[in-house]
Structures are given as structure tokens and as C-alpha cells.
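Chains as they are written, first to last, in UniProt numbering: chain A, 1 to 279; chain B, 1 to 358.
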């Protein structure tokens with residue numbers, strides 16, 4: 001890396017300007033969500049092209065929190081993303097440990113099979129999945145929205161890579177004392193995996209929160225929409241329904257958790273992306 | 001100390017540890033994958049089968065024939081000639097370079113064979129049984145052909161500019177990565193509004209100059225471009241992060257030596273930096289191709305595939321066939337073709353990575 005002092009002035013100016021332009025759409029969304037609806041029906045460029053929320057109001061947020069489905073969708077998303085994250089953490093940590101450290105019979109067949117699953121995108125399996133859950137009569141429930149993500153092998157892949165890199169010497173002592181795999185996993189491996197689990201948890205939560213195709217086909221009733229699907233439904237007919245300000249407020253609400261995660265855990269997210277592409 | 005009991009054997013422990021994952025993996029990924037292949041061999045209407053499980057009929061490869069077949073097929077040299085000329089020039093250049101350096105490894109051979117096949121296939125014309133399929137395939141290819149180079153170029157320039165220490169670069173990296181974390185519905189919400197004809201952001205910029213905003217999303221000349229721009233905005237962060245990671249791998253002394261030799265600015269970028277991360281660039285481009293072939297939300301939400309079918313894409317046609325027309329057999333055949341297509345790129349990616357390691 002070069003140091004900041006050597007940065008040429010023209011790069012500083014160009015990139016900073018570009019960054020501002022880059023952020024305009026998001027700033028605008030936030031700003032519109034904080035302006036009165038009746039103003040927005042006349043103009044969206046009131047103060048400084050509408051980028052400054054003046055006149056300022058919180059009525060859009062009060063309105064969507066008091067009436068409408070947005071709070072429910074938000075809660076649904078929390079449950080779905082939370083559930084899939086918890087299940088992904090448990091299943092992929094256990095499986096990753098076995099694939100990396102336990103020389104069991106059949107491992108050389110099962111692990112390549114699981115890895116091959118990395119190549120199968122959601123778009124290829126979503127129709128059979130739909131039929132599968134239809135036969136079970138399980139659509140329009142929150143677990144159905146959460147479960148397909150648990151089958152994706154990326155978490156198993158990441159945890160296997162992680163456990164492979166832990167030096168053998170750490171578990172040898174425990175082995176000599178007669179510890180089984182359960183003990184080694186619980187008392188030696190898991191405590192070491194903290195940061196890695198954090199990374200996996202955050203990227204799983206993000207992807208689950210933002211998932212669109214599966215909840216779109218599985219959730220048909222408004223009560224089980226996630227916020228991602230709900231927002232898609234209301235943006236189709238926003239003109240006649242609740243007005244621009246409330247629509248933007250819903251958009252802001254849909255983004256707040258991921259923005260918060262991003263600002264707090266940026267380091268983990270970047271690490272997760274680097275690791276998951278490092279095949 | 002080795003335990004003799006089965007319950008403490010590695011085999012039992014191993015299977016016990018992986019079984020929770022397999023309980024999800026087998027019914028929710030492995031089985032649906034093969035079930036999808038099976039369904040694609042049937043005339044399978046979702047509604048009919050719901051009421052009568054025997055209403056499906058095995059029809060072999062007929063769905064595939066319906067998708068990619070046609071009458072009066074002939075081969076033309078001039079069809080799609082601009083694009084095919086680019087392919088031809090690219091292929092021949094690659095071939096000549098490989099011959100000069102005498103490097104015909106497997107990756108080269110496969111890529112060349114792929115380019116040649118594509119060039120040949122693009123010459124086929126005829127009365128297709130399902131012209132709509134070819135429209136959505138073409139739209140998807142056009143989308144990918146715009147998004148991937150634009151994203152790559154933007155991310156590469158930003159990565160080179162932001163590969164430095166200090167607070168300013170860190171903030172800039174955060175800004176450009178930020179849009180990546182938004183969900184597709186938030187992105188389409190924002191951009192639909194930016195493109196709005198009456199009170200969109202661009203319209204607001206134009207009105208003071210007495211200009212009228214074009215109908216970005218309903219004009220068939222502009223709609224695809226509008227979706228492409230929104231997508232590039234959304235996805236630059238991902239490529240940026242991987243390029244920054246690649247740039248970190250360049251040994252500092254190589255840059256210093258180049259600086260001492262008098263290389264500055266663009267010369268350093270073109271002759272030192274880009275060649276050093278060319279493998280990362282290839283890798284990221286192939287990853288993006290695979291990713292963007294799955295485009296759905298932008299088309300579904302911003303333009304509903306329209307106007308006409310001008311922005312309808314492959315996955316959206318799958319979605320429509322399955323969930324609007326209930327033809328899940330036909331839709332599955334389309335999904336399988338998409339998978340095969342993406343698999344080819346994954347193989348190329350594998351070949352590229354192998355070459356990188358060699």
C-alpha cells in the first residue's frame with residue numbers, strides 16, 4: 001500500500017466526487033423518507049435537489065410503524081434470517097469439523113458431493129423445492145423460508161477450510177489423554193473458531209435478509225412476507241397506495257439492519273467475501 | 001489410543017457430525033437438483049398435477065427440443081456478424097499468442113474450442129419453436145456483456161486509486177462497497193425513483209435546463225441500459241474487494257523498481273500493476289459472468305421484462321413459465337440449460353485457476 005501523503009490531488013478530488021455521486025441515490029432515499037408526503041406529491045427536489053430533508057418530519061416512519069404490514073415483514077425477516085443463520089452455524093461447524101479432522105469411511109465420497117453443490121445455484125433448484133414444500137403443505141410458514149439456505153454448502157466449505165488449517169499438535173495431546181471427537185470439538189476447536197463463526201454468521205444473515213427469489217415464490221400470503229418481498233410488492237403500486245415518503249421509509253427500514261451490520265462488522269464481511277471466493 | 005468400539009470409531013463420529021447438515025443437504029439441494037432434471041423430461045403442469053398426481057407425462061427430451069429446436073434451420077456466415085467478428089479476432093489472437101509462446105495447455109485448448117463452437121452456433125438461423133426463449137437468452141447475454149466489463153473496469157480503476165493507507169482511502173472503500181449490501185428490492189426501489197419521468201432525480205436535474213427526461217424504463221432503447229447502470233452501481237463493491245486483495249499480493253519491490261526506472265502514473269498501471277493482477281481480473285470476470293447470468297430482480301421489478309420482452313431475462317422466463325403458466329416441466333428444462341451454461345463457465349474458471357497455480 002502507498003501512504004496517503006503521496007496521493008495525487010487529482011485522484012483525491014475525482015474519487016471523492018465520484019463517491020459523492022455514488023451515494024446520491026441512498027442519500028436521496030433517506031432524505032425523501034424524512035419529508036412530508038404532501039410535499040413529495042408536488043416535488044422531490046425541494047431543498048438542494050431533495051438531498052436535504054427540509055421540511056423535516058418523522059411522520060412517514062410513524063405511519064408505517066403504526067399501520068400497514070411493514071413492521072410485521074421486518075419481524076418476519078428477522079426470524080427467517082436469524083433462524084437460517086443459527087442453523088447454518090450449527091450444521092456447518094459440525095460438518096466442517098468432521099470433513100477436516102475425522103478420517104471416517106465415506107468421507108472421500110461425501111465431501112466432493114457436498115462441494116459439487118457449490119455449483120448449483122438457487123435458480124436451478126427453486127422449482128423442485130417449491131413442489132417439495134407444496135407436497136408437505138408447508139408454504140407460507142417462516143421455517144420454509146429459512147430452511148433452503150441451510151442446505152447451501154458454502155458454510156461447510158468455509159468451516160472445513162478453517163479446521164484444516166488448525167495445527168494437528170493442538171489436538172494430539174487431548175487424543176493421548178483419550179478424548180473423543182466430541183470433547184475435542186467442543187473444548188479445543190470451537191473456542192478457536194470464534195472469529196470465523198462471526199464471519200459466517202454475518203454473511204449468512206446478510207444474504208438471507210436480502211434473499212428475494214425463494215420468499216417470492218414460497219410466501220403467497222402478506223402475513224408471511226419478508227421485508228424484501230413486501231417492499232417489492234408495495235413498490236409496484238406505490239402511486240395509489242401510501243405515497244412516496246412512506247415507501248421510502250419502508251426502504252430505509254428494510255436497509256437499516258444490513259447497514260448497521262455493515263458499519264459495525266465491515267471487516268468480517270470483507271473477510272467472508274475473500275474466503276468464500278478462495279476456492 | 002485406538003478405541004475398538006464402533007460407537008467411538010471415527011466412522012461413527014464422522015457420520016454423526018455431518019448428519020445434521022446432510023438432513024438439510026439431501027432433501028433441499030441434492031434431491032431437488034435431480035428432481036429438476038427428472039421434471040424437465042416431463043410434460044408437467046403444476047396445477048394439473050396438484051389435482052391429479054398422474055397428470056404428468058414422460059416426454060423424454062421434447063422440452064429441450066421445443067426450447068432449442070426450430071424448422072428450416074440453416075447456417076449463415078453473416079448473422080450477428082459484429083459480435084462474431086469480435087469472437088473470431090479474439091480467438092485467432094489467442095491462438096497466435098499461444099503458438100508463439102508454445103503454450104497449449106488444457107485451459108487454452110478448451111477456451112479456444114469453446115470460442116470456435118460459439119462462433120459456429122451463432123451462425124444458425126431458422127424458425128425457432130420458442131422464439132421467446134432466444135429473446136431472453138439474447139437479453140441475458142447482452143446484460144452480462146455490458147455489466148461485467150463495466151463493473152470490472154470501474155472496480156479496477158477504483159482499486160488502483162484506493163490501494164493506499166490512510167483514512168481517506170478507507171472511507172472511500174467503504175462508500176463504494178456500501179451499495180453491495182443492499183437487497184435487490186431496495187436497489188430497484190431507489191433506481192426506479194432516480195429514473196422517474198416526472199419527479200425522478202435525473203428528471204429533476206434536467207428540468208431547470210428546459211429538458212425533458214426520457215422514459216428510461218419504458219423506452220426499449222434505454223431500458224436495458226438503465227438496468228445495467230443500476231446493476232453496476234450495485235455490484236462494483238464485490239469486484240473492488242477482490243481486486244484490492246489481488247493488489248496487496250504485488251511485491252512492493254516490483255513497484256519500487258519500476259518507479260526507479262522512471263515508470264510513473266499510467267505507465268506503471270498499464271505495464272506493472274495490471275499484468276500483475278491479470279489472473280485476479282480473469283477470475284473475477286468469470287465469477288461475475290456466472291453471477292449475472294442469474295439476473296432476475298432488476299428485470300422483474302424495474303421493467304417487468306418490458307417494454308415488450310426487451311429486458312426479459314432467462315431466470316424471469318423460468319419464473320414465468322413455472323409460476324404464471326404452471327409449466328414446471330418446461331421451466332425445469334430451461335433451468336437445466338442455464339445450469340449447463342453456467343457449468344461451462346465454472347469449468348473455464350477451474351482451468352484458469354489451475355493455470356494460475358501451475
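Beta carbons are placed, not taken as given, at the ideal position from N, Cα and C, and that holds for glycine.
The Cβ atoms of residue 156 of chain B and residue 313 of chain B do not sit closer than 8 Å to each other. Contact between residue 160 of chain B and residue 270 of chain A does not hold, since the beta-carbon distance rounds to 18 Å and is not under 8 Å. Per DSSP, residue 171 of chain A has no beta bridge partner at all. Taken in chain order, the members of the region 326-357 of chain B whose beta-carbon sits within less than 9 Å of a beta-carbon on chain A are 328, 331, 332, 335, 336, 338, 339, 342, 343, 346, 349, 350, 353. In this model, residue 96 of chain B and residue 248 of chain B are separated by some 32 Å (Cα to Cα). In the DSSP annotation of this structure, the continuous segment of the alpha helix (DSSP H) that includes residue 135 of chain A starts and ends at 122-135.
The alpha-carbon separation between residue 333 of chain B and residue 142 of chain A amounts to approximately 29 Å.
Under DSSP, residue 58 of chain B takes part in a beta bridge, and its partners are B/42.
Taken through DSSP and simplified to helix, strand or coil, residue 102 of chain B comes out as coil. DSSP places residue 213 of chain A within a helical segment (H, G or I) once states are collapsed to three. Listed along chain A are 43, 44, 45, 49, 50, each with a C-beta nearer than 9 Å to that of residue 204 of chain B. The beta carbon of residue 138 of chain A sits no closer than 8 Å to any beta carbon of chain B. What residue 189 of chain A touches in chain B, judged by beta-carbon distance under 8 Å, is nothing: the nearest beta carbon there is about 11 Å away. The bridge partners DSSP lists for residue 70 of chain B are B/128.
In this structure, the alpha-carbon of residue 104 of chain A lies about 22 Å from that of residue 152 of chain A. By the criterion of a C-beta distance shorter than 7 Å, residue 223 of chain A is surrounded in its chain by 72, once the five residues flanking it on both sides are discounted.
A Cβ-Cβ separation of about 6 Å places residue 134 of chain B in contact with residue 128 of chain B under the 8 Å criterion.
About 6 Å separates the beta carbons of residue 230 of chain B and residue 187 of chain B, which is inside the 8 Å limit, making them a contact pair. Residues of the region 78-111 of chain A with a C-beta less than 8 Å from any C-beta of chain B: 87, 90, 91, 92, 94, 95, 97, 98, 99, 102, 103, 104, 105, 106, 107, 110, listed in chain order. With a beta-carbon spacing of about 26 Å, residue 111 of chain B and residue 315 of chain B fall beyond the 8 Å limit used to define contacts.
Taking a C-beta cut-off of 9 Å against chain B, the contacting residues of the region 15-26 of chain A are 15, 16, 18, 19, 20, 22, 23, 24, 25, 26, listed in chain order. The continuous alpha helix (DSSP H) containing residue 281 of chain B extends over residues 278-292.
When C-beta distances to chain A are compared with 9 Å, the residues of the region 48-71 of chain B below that value are 49, 50, in chain order.
Short of 6 Å from the beta carbon of residue 67 of chain A, and not among the five residues preceding or following it, lies no beta carbon of its own chain. For residue 25 of chain A, the uninterrupted alpha helix (DSSP H) segment begins and ends at 9-33. Taking 8 Å as the cut-off, the beta carbon of residue 85 of chain A is found no closer than this to the beta carbon of residue 250 of chain A. Beta-bridge pairing by DSSP links residue 75 of chain B to B/124.
When the Cα atoms are used, residue 103 of chain B and residue 322 of chain B turn out to be separated by approximately 46 Å. For residue 261 of chain B, the nearest beta carbon of chain A is not closer than 8 Å to its own beta carbon. Residue 30 of chain B is not a Cβ neighbour of residue 59 of chain B, given a cutoff of 8 Å. The residue from A/169, A/230, A/29 with its alpha-carbon nearest to that of residue 201 of chain B is A/29. DSSP places residue 62 of chain A in the uninterrupted alpha helix (DSSP H) bounded by 59-66. Rounded to whole angstroms, the gap between the alpha carbons of residue 245 of chain A and residue 59 of chain A is 9 Å.
A Cβ-Cβ separation of about 11 Å leaves residue 32 of chain A out of contact with residue 43 of chain A under the 8 Å criterion.
For residue 95 of chain A, the closest alpha carbon among the candidates A/162, A/40, A/70, A/41 is that of A/162. In summary, residue 235 of chain B is buried, with 16 or more beta-carbon neighbours lying within 10 Å of its beta-carbon over all protein chains present.
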